[in-house]
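Trainee:
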Amino acid sequence: MASTLAQDSHLDRFLFEPGHPEEDTSGTLTHLQLILWAVAIGTFGGLVATAYYFVLEALLHGVWHSLPAAIAPYRPGWLPDWNYVWVVTTLGGLCVGLVLYLMGLPGEMAKVVDDIHDPGKIDIRKTPAMVLASLVAITAGGSAGPEAPLVQVNGSFGSWLGERLGLKKPSARVLTFCGMSAALGAFFGAPIGAALFALEIPHRRGPEYYEAIAPAIISAIFSFAVFRLNTGMTIGGIYHFEAIPPLSPMNLVEGLALGIVGTALAVLFIFIFRLIGQLLEPLEHYRVWLATLGGLSIGLIALAFPQTLFFSETQIQTVIETGAGLGVTMLAAIAIAKMFAISFTLHSGFLGGFIFPLFFIGANAGMAIAMAVPQVHPTVGMVCLMAAINVAVTKTPISTSIILSVLSGTAMLPVIAISSFVSFVLSSRFSMIKTQRSRCLEGLKSMDTSEVEAQVQAQLTAFKQAG
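Here is the structure:
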């Protein structure tokens, strides 16, 4: 009995006492401790993603399948069934507004990015509001996905764990990255790309928190494995694109050209996003009214373009299979309508991520280009524009290339990478996530990145002149 207690005591000290006792490393973890906590966070993240997935699937099936079937016998004959769409989105907006009014606003991706830099952690107290509001928002048909709430839940768990272990900010931030990577590893189904996405998103010019790469990938892999085992989902590509011939040098040129086109479309999206934000700004402090109006707007857009409902993960496959029958004009109109749907979704308080909605815009635009320019293969056009648009908005060229290579099940990584990095370079002067910045600018919160960098450059110039 005494031996068992002694072993337990040693285990507790190993897991919970950071650093080496003979060294002044308080507030840090040994390499082995970090790996073990990365495994634990990844496992927890996979379980959270599993629970969220099943709850969301049940809500979506109930609201959009079971409920319409149950009320169909009582619907007046003179009332068209398409009214159900805008009624549900509007009521969903009302519910989202009430959640935010009663529980507070948890913040969106820009807030998460800001918190990663300083104070280096995500507030776990905001998790309940994020989970509840996002479930309602996604169920109501908003153009936002579950990656943002999963990042909030798992990232804040990593932050909470860092606090419980008494870690310093740099070490606690690594555990936060582990949680974020676990969330995205389950969601994207590409653990390495997901971990790199979590590390790229805080910055505008590539990942900088290099010390978090290995533990973040480990967490993403374990979360991915737990999620796939529990849900029974297959491993590999989730989309069935038309097979492409062996790549040729011309495909590389196409990747470059599509990167330019994708950048232009991303600029258009950011313009629309900011325009809608300015229009809705007077309602900023009236959360219930704002969310209700947002839900109504989403529903009205969906009446004209039903494809714009939801966060588009499954709708992309529909574009692959049936997009050619819609024609160039309709595909372009759907892409633009989705830009408005995303903008109303995010500005009205519907919480969620915008990665797959951006992919959906790229899929429609890419199919339209392939139809207008027959020399461009539809698969090349779609995947390259999916990458270019997302990279221009999120500044994540490495991870986006890997993720889309996996999701598309294609051997197009060189072409995807060209589109991604062309877009990355061309879009370096603008950003939708204003809090993205270099790690050397920690502590400069809530400032436009260009303004911060200009101040730093001015200080460096003055220092050189003084020398």
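Each residue of the sequence shown is one higher than the one before, counting from 1294 in the numbering used here. Positions of the beta carbon are idealized from the N, C-alpha and C atoms, including for glycine.
Let me check you understand the geometry: is the CB of Arg1567 closer than 7 Å to at least one non-hydrogen atom of the ligand ATP?
Mentor: Among the components modelled here there is no ligand, and therefore nothing to report on the ligand ATP.
Trainee: Excluding the 5 residues preceding and the 5 following Ile1565 in the sequence, name in chain order all residues of the same chain whose CB lies nearer than 7 Å to its CB.
Mentor: The residue given as residue 1565 occupies position 272 in the sequence shown. Around Ile1565: Met1632, Phe1633 and Ser1636.
Trainee: So Val1380 and Leu1596 are supposed to be a Cβ contact under 8 Å. How far apart are they, rounded?
Mentor: For the purposes of this step, residue 1380 is taken as residue 87 along the sequence shown, with counting starting at 1. For the purposes of this step, residue 1596 is taken as residue 303 along the sequence shown, with counting starting at 1. Not really, about 11 Å apart at Cβ, beyond 8 Å.
Trainee: Tell me Gly1788's beta-bridge partners as DSSP assigns them.
Mentor: Within the shown structure, residues of the chain are numbered from 1294 to 1760, placing residue 1788 beyond reach of any answer.
Trainee: Have a look at Phe1480, Leu1593 and Ser1359 and flag the residue whose alpha-carbon is nearest the alpha-carbon of Gly1335.
Mentor: Within the sequence shown, the letter at position 42 stands for residue 1335. For Gly1335, the nearest C-alpha among the options comes from Phe1480.
Trainee: Going by alpha carbons, who is nearest to Gly1385 out of Thr1689, Leu1352, Lys1419 and Gln1571?
Mentor: To locate residue 1385, count along the sequence shown from 1; it is residue 92. That would be Leu1352, whose Cα lies nearest to the Cα of Gly1385.
Trainee: Measure the alpha-carbon distance for Pro1650 versus Ser1452 and round it to whole angstroms.
Mentor: The residue you call residue 1650 lines up with position 357 of the sequence shown. The residue you call residue 1452 lines up with position 159 of the sequence shown. Distance between the alpha carbons of Pro1650 and Ser1452: 28 Å.
Trainee: Below 6 Å CB to CB, which residues in the same chain sit around Trp1582 once its five sequence neighbours on both sides are set aside?
Mentor: Numbered from 1 along the sequence shown, position 289 holds the residue referred to as residue 1582. Excluding residues within five positions, the ones whose Cβ falls inside 6 Å are Leu1576.
Trainee: Just checking, does the segment 1402–1414 make contact with the segment 1436–1455 on the three C-beta pairs under 8 Å criterion?
Mentor: yes
Trainee: By the three-class DSSP mapping on this structure, what secondary structure does Ala1626 have?
Mentor: Here the question's residue 1626 lines up with position 333 in the sequence shown. Note: Ala1626 maps to helix in three-state DSSP.
Trainee: Within the same chain, show all residues whose beta-carbon is closer than 8 Å to that of Ser1739, passing over the 5 residues directly before and after it, in chain order.
Mentor: Residue mapping note: residue 1739 aligns to position 446 of the sequence shown, counting from 1. Low confidence applies to Ser1739: its pLDDT is 46, below 50, so where it sits in the model is not reliable, and the reading given next is rough at best. The answer, listed in chain order, is Asp1407 and Thr1728.
Trainee: So for Lys1414, helix, strand or coil by DSSP?
Mentor: Numbered from 1 along the sequence shown, position 121 holds the residue referred to as residue 1414. Coil at Lys1414, not helix or strand.
Trainee: Could you tell me the alpha carbon to alpha carbon distance between Glu1606 and Val1612, rounded to whole angstroms?
Mentor: Start at 1 with the first residue of the sequence shown, and residue 1606 comes out as number 313. Start at 1 with the first residue of the sequence shown, and residue 1612 comes out as number 319. About 11 Å.
Trainee: Quick check on the burial criterion: 16 or more other C-beta atoms within 10 angstroms. Buried or exposed for Trp1330?
Mentor: By one-based count along the sequence shown, residue 1330 stands at place 37. It counts as buried.
Trainee: Which value, in whole angstroms, describes the spacing of the CA atoms of Cys1677 and Gly1570?
Mentor: The count along the sequence shown starts at 1 and reaches residue 1677 at position 384. The count along the sequence shown starts at 1 and reaches residue 1570 at position 277. Spanning the two alpha carbons is a distance of roughly 28 Å.
Trainee: Among Phe1515, Ser1474 and Val1519, which one has its Cα closest to the Cα of Ala1505?
Mentor: Position 212 of the sequence shown holds residue 1505. Comparing Cα positions, the closest option is Ser1474.
Trainee: Taking Cβ to Cβ, would you say Val1446 is nearer than 8 Å to Val1341?
Mentor: Against the sequence shown, residue 1446 aligns to sequence position 153. Against the sequence shown, residue 1341 aligns to sequence position 48. Cβ atoms of Val1446 and Val1341: closer than 8 Å.
Trainee: When burial is assigned at 16 or more other CB atoms within 10 Å of the CB, is Met1543 buried or exposed?
Mentor: Locating residue 1543 in the sequence shown gives position 250, counting from the first residue. Classification for Met1543: exposed.
Trainee: Kindly give me the distance between the Cβ atoms of Gly1555 and Ala1661, rounded to whole angstroms, as I take these residues to be in contact under 8 Å.
Mentor: Residue numbering aside, residue 1555 sits at position 262 when the sequence shown is read from its first letter. Residue numbering aside, residue 1661 sits at position 368 when the sequence shown is read from its first letter. No, Gly1555 and Ala1661 are not in contact; Cβ-Cβ is about 13 Å, not under 8 Å.
Trainee: Is it a yes or a no for the segment 1709–1717 touching the segment 1666–1683, going by three-plus beta-carbon pairs under 8 Å?
Mentor: yes
Trainee: Confirm, please, whether the CB-CB distance from Gly1478 to Ala1441 is below 8 Å.
Mentor: Mapped onto the sequence shown, residue 1441 falls at position 148. Mapped onto the sequence shown, residue 1478 falls at position 185. Against a cut-off of 8 Å, the Cβ pair of Gly1478 and Ala1441 comes out as no contact.
Trainee: Using the rule of at least 16 other Cβ atoms within 10 Å of the residue's Cβ for burial, across every protein chain shown, is Cys1471 buried or exposed?
Mentor: Residue numbering aside, residue 1471 sits at position 178 when the sequence shown is read from its first letter. Cys1471 should be labelled buried.
Trainee: Gly1390 and Gly1642: beta carbons closer than 8 Å?
Mentor: Counted from its first residue, the sequence shown places residue 1390 at position 97. Counted from its first residue, the sequence shown places residue 1642 at position 349. Yes, these two residues count as a Cβ contact at 8 Å.
Trainee: Using alpha carbons as the reference points, say which of Tyr1394, Ile1485 and Gly1459 lies closest to Thr1693.
Mentor: The residue given as residue 1693 occupies position 400 in the sequence shown. Answer by Cα proximity: Ile1485.
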